[in-house]
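Residue numbers (the numbering used here), protein chains in the order written: chain A, 1 to 721; chain B, 722 to 1188.
We put the beta carbon where it would ideally sit given N, CA and C, even for glycine.
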Amino acid sequence: MTTVTNMPLSDLLKSFKLKTKQQELLIRVSILCLVYILAFITRLFSVLRYESMIHEFDPYFNYRTTLYLTQNGFYDFWNWFDYESWYPLGRIVGGTLYPGLMVTAVLIYRILHFLRFAVHIREVCVLTAPFFASNTTLVAYFFGKEIWDTGAGLVAAILIAICPGYISRSVAGSYDNEGVAIFALLFTFYLFVKAVNTGSLAWSLASAFGYFYMVSAWGGYVFIINLIPLYVLVLLITGRYSMRLYVAYNCMYVLGMLLAMQIRFVGFQHVQSGEHMAAMGVFFLMQVFYFLDWVKHMLSDTKLFQAFLRITVTCAVVVGTIALGLGMLSGYISPWTGRFYSLLDPTYAKDHIPIIASVSEHQPTAWSSFMFDYHILLFLFPAGLYFCFKRLSDATIFIVMYGLTSMYFAGVMVRLILVATPAVCLISAIAVSATVKNLTVLLRSKNKGVLTGSTKGSSSSRASSKALLDQSQPFQKNGAIALLFGAFYLLSKYATHCTWVTSEAYSSPSIVLAARGAHGNRVIFDDYREAYFWLRQNTPVDAKVMSWWDYGYQITAMGNRTVIVDNNTWNNTHIATVGRALSSYEDEAIEIMRSLDVDYVLVVFGGVTGYSSDDINKFLWMVRIGGGVFPVIKEPDYLVNGEYRVDKGAAPKMLNCLMYKLCYYRFGEMLTEYGKPPGYDRARGVEIGNKDIKLEHLEEAFTTSNWIVRIYKVKPPNNRW
Amino acid sequence: MEAPIRAREILGFTLLSLLFFVCRSSPSHNLLISNAERRIDLSSHIVKVYLTLKVENAGSTPTSEILLAFPPTQVDHLATVEALVTKGKRKKTTIVHLDVKPTELPDAPNETKYFTIYLANPLNSGESTTLEVLYLFTHSLEPFPAEIGQSESQLVFYRDSALILSPYHIKQQTTFLKAPSTKVESFTRVEPTNRAGTEMKYGPYEDRPSYSFSPILIHFENNSPFPVVEELVREVEISHWGNLQVTEQYTLVHGGARHKGVFSRVDYQSRPSLNGVSSLRYLLARLPPRVHSVYYRDEIGNISSSHLRTDSRKSELEIEPRYPLFGGWKATFLIGYGLPLQDFLFESSDDRRYLNFTFGCPLLDTVVDKLTVKVVLPEGSKDPSAVVPFPVEQHFETKYSYLDVVGRTVVVMEKKNLVPVHNSHFQVYYTFKPMFMLAEPLMLTTAFFLFFVACVAYLHIDLSIRK
């Protein structure tokens, strides 16, 4: 710095004074940079272990639509009618998806190409989720800074960077809506809290746009549009109404609503559906509040105001109820959807919508998975809540409400752990930051004797520590050191746990299966892609493939063939028809398949490799879903004394239904394990009950090398003479 | 239905050619072939024909051009024709390759196509010379039955003539056909015809006039898979930072008898010698030595079933398609690898640089229907020109890769119907100034520098409106 040496002495001193502040800034910025990088690279395990590929089921649809968007442009994408899925119905893709993710990926792709980085769109898609996870850490920092202080912000950034609850949905390759939506969710919340804290129109405008982005990205925006009104309501009830709140909420709601209605999938739902009514109600309530405030200001007479208040409140409530009742009755306001109900009542889906209950990620959360995904955060969370309650402000009330509501939802559905993760991280960060700060203040005060104003910790905690200081001098230092060490031990445990979970549990693409061979070497089962690629290359272009809906997206994306049903489970009857075909006898099934123009049937079978999430294990759900629409299919027919079996003791209907036949066709000749009879199913550990399977209307077209995917061709009808 | 029609055609063709022989007078008349021996190897799907001709100049003027004739049905499948002459006696023999060029003759009977062999020394009157001619046919084995099940073996037809089609009089000729196995279903007899094991002998035939033709049909078992690359795009990208990146895009098809009906994995796995004998299980690619970062993938991701063996002289990449290819089944895939630049890039005497690389497909024993070789020159290179030992179609393209501003010149060469014989070297010459190597690093440095300057400026300038 040559300029420094040329400066006069006073300036030099000045620059010296700034030094500690600059140092702090430097440390803060470098920590943030490191966290940013860490959040990115910790999500790359799957790329290193396997390859740069798209994972799971839904991401394949997103990838396919992104490809379409890059190739055909936005307008074609918006008006895309997809003939390749839901045959013969088709799907209006543009109107039934949240385009935020695809548009984001294509935007990144275009920017990179503008900067002359000739990357493939697939690489962009694979790395979108880690990139947004990195951005989320930055948002978490600013959010933590807003609700507590910079220390809490930094800790929150670090915690969220490696928290398994978030990593589970944002590893490289998991190209799903949630990847960008969590960023959007937290960003919207941050901007809204900022708007409430400042009362600035600019911030609330920004939060409206954040909300727009969130609406475009994920259906979970409903959480925002219900949490924010709830928060506003709580503030109103607790008497924390202010002009800041009024500006923030009104601007955010009105603009956010108008913007959200631009997304075709949302459209007028935003003003008509039951899920969005709370926000509208609070909006009107807000106006009533403002009006009352104004009247109160104008009227000096309190008695008169009391009477006026009573009349207005009664009128408002009555008008509101009548409007809601009329809306409901006339059908203008649609009732709550099944998914929403199942969130409020965990048992609802099991009784009414088997298709929601059949998805493993919609099951209620087990305690172990809380522990698995949060680790020490589970214990820090209540501690953080304590700190928040101790220093209540508009911002901490928000984070407490976000934390508590999302924790409830996380308990209802496994996959909503993801939504709770940012809140848990932020609240835990408050706990960690406040504790460590208090302890270090204690240590420092001992050494220096007098507390200087260098640390800007909360005055109350400093006062309490001072009080403690006077009481028990001798043990305090040791105690503080021990507690600090304890905290660091726990945090380092957290870091190792997170890394372990990420590498072991959340970095498998689930398309490629890996197992350990007999000699400890890694064996790869690439059967899914083998089958899909076979379909792509060796079947007619217009062939229709019937499979259970789980594989629909993958077949269209990788196999490039038309499917009957896929993971977008919009038509329950259609899925039930497929379920019925698979659980009927072959000659009944062939009628259904002919009516659906099916050319190939694809089943997933794990009996040779011991792969347990195959179609035989999913079969009862097919029976249930099929039976839900077609009462011909009855679940007890497939069970023996309420027990599901595939061996000799299985129900006769089970042994002769299409799914059983297709899975076990010629399996009876196969010797799978040494010392076991032929036809020994390794996934269920039994010898199968029907070894002599004859197919009449179908023939084996392809079976992958480890038998995981089996494809059958529907034979043309016999000649009549 | 097709076979009788063709037989009739051939009969008519023979008659016509005889007719032409009567009324024809051409300058080549003074040549005659005193002895011809033809050996046809039918063991793989590339039919190899070795022809030994003893040519005699019976005329009065010296000549240096000798014509080879092919029926039009064969010439479409003809991949390459080579001719050579052995000189010297006993141990001192040297092989001289002769030029062979396709030739059009105005009065060719029945669209017969010709190739001219240019002798190094003119053949004087009364002299004779012995020529060795090798030519290869692709797509000449017709599967019959055209569709087979998994457990059946593959039978094919081969059509040719028992007599060598030639514009010259042939005094004595013999043809040997070698089938891959002893299982020969049937073959046309044109006496004298003998069969011994896998070999069939037609001839010797004495004193046949020019344009004699006698169609034969052989039906035999050929269980070797017929790997046919319908389209191959090879992209060779030169980086003067020391790497040559090769990317090859294949569209592979099994050109044998089409698979019919069921594919049963249990049969295929338990009885591999009886089931799917003609299926294509793996392919072997011979790559240059010192190859690195090899990858093998397709549109939907990496294919894990490949093995690379390297030694100092060559690298062998064994690749398995995702599934075994039965007749008519297709697979598309991509192979990429890096090579050290110093093995392939040289400086010519006139201060230009040239790339010396193999043209054909590195997969062994495959036919390539259409090959496109693209050589991507580094940005800023000028005056590209390609030298290829056989005729190809050429044009130029521009490609934009990482950090390219003006784009890279791409030399594109296209050729149809290739066999492994075409794996010879070609050269691409261009001029390049080493200064251009620094363009991209400098661009990046400048961009970062400007970014930091902008950051510093932002931190030092107060942009707020309120004061």
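Taking 9 Å as the cut-off, the Cβ atoms of Pro-1141/B and Leu-1085/B count as close. Look at the beta carbons and you see the segment 672 to 679 of chain A not touching the segment 516 to 529 of chain A: under three pairs across the two are nearer than 8 Å. Contact residues of the segment 1000 to 1023 of chain B toward chain A are Arg-1018, Asp-1019, Glu-1020, Ile-1021, Gly-1022 and Asn-1023 (C-beta to C-beta distance below 9 Å). Counted as a single uninterrupted DSSP element, the alpha helix (DSSP H) harbouring Asn-135/A occupies residues 121 to 147.
When the alpha-carbon of Ala-410/A is set against those of Pro-540/A, Asp-373/A and Phe-398/A, the nearest one is in Asp-373/A. Look at Cys-657/A here: in three-state DSSP terms it is strand.
Distance from Val-957/B to Leu-965/B at the Cβ level is roughly 6 Å; contact confirmed, criterion being Cβ atoms closer than 8 Å.
Bounds of the beta strand (DSSP E) holding Pro-1105/B are 1103 to 1108. Counting along the chain, Ser-330/A sits inside the alpha helix (DSSP H) bounded by residues 302 to 330.
One thing to note: Met-622/A has its Cβ no nearer than 9 Å to the Cβ of Met-546/A.
Across the segment 775 to 798 of chain B, no CB contact with chain A closer than 7 Å is found for any residue. Pro-864/B is bridged by DSSP to Val-877/B. In summary, Gln-894/B is buried, with 16 or more beta-carbon neighbours lying within 10 Å of its beta-carbon over all protein chains present. Pairwise C-beta distances place the segment 1125 to 1140 of chain B out of contact with the segment 927 to 939 of chain B, as fewer than three of them are shorter than 8 Å.
For Leu-582/A, the enclosing alpha helix (DSSP H) stretches over residues 572 to 583. Classified as buried, Asp-615/A has 16 or more neighbouring CB atoms from the shown chains inside 10 Å of its CB. In this structure, the beta-carbon distance from Pro-422/A to Leu-48/A does not fall below 9 Å. Under the 10 Å beta carbon count, Glu-1068/B is surrounded by fewer than 16 other beta carbons and is classified as exposed. In this model, Val-1012/B and Arg-1034/B are separated by some 11 Å (Cα to Cα). Each residue's CA atom was taken as its position, placing Tyr-36/A and Gly-179/A some 16 Å apart. The beta carbon of Met-1158/B sits closer than 6 Å to those of His-961, all from its chain and outside the five residues before and after it, given in chain order. The Cβ of Ser-1036/B sits no closer than 9 Å to any Cβ of chain A. For Tyr-971/B, the nearest beta carbon of chain A is not closer than 9 Å to its own beta carbon. The three-state reading of DSSP puts Ala-514/A in strand, counting E and B together.
Straight across, the Cα-Cα distance linking Ala-543/A with Glu-873/B is about 27 Å.
Take the alpha-carbon of Phe-117/A and the one of Tyr-109/A: they are about 9 Å apart. When Pro-540/A, Tyr-528/A and Val-646/A are compared, the shortest CA-CA separation from Asp-550/A is found for Tyr-528/A. When beta bridges are read from the DSSP output, Ala-917/B appears opposite Glu-920/B. CA-to-CA, the gap between Phe-1117/B and Thr-539/A works out to about 36 Å. The beta strand (DSSP E) runs lying completely inside the segment 659 to 718 of chain A and spanning 3 residues or more are 698 to 703 and 709 to 714, given in chain order.
Taking the beta carbon of Ser-1025/B as reference, the chain A residues within 7 Å of it are Ile-524 and Asp-526, listed in sequence order. Taking Pro-1112/B as reference, the option from Arg-880/B, Val-821/B and Ser-907/B with the minimal CA-CA separation is Val-821/B. Legend: CB atoms of the segment 804 to 821 of chain B lying less than 7 Å from CB atoms of chain A are not found in any residue. Cβ contact annotation for Gly-338/A (same chain, cutoff 6 Å, sequence separation greater than five): Ile-353, in chain order. Residues of the segment 556 to 577 of chain A with a C-beta less than 7 Å from any C-beta of chain B: Met-558, listed in chain order. By the neighbour-count definition (other C-beta atoms within 10 Å, threshold 16), Leu-1184/B is an exposed residue.
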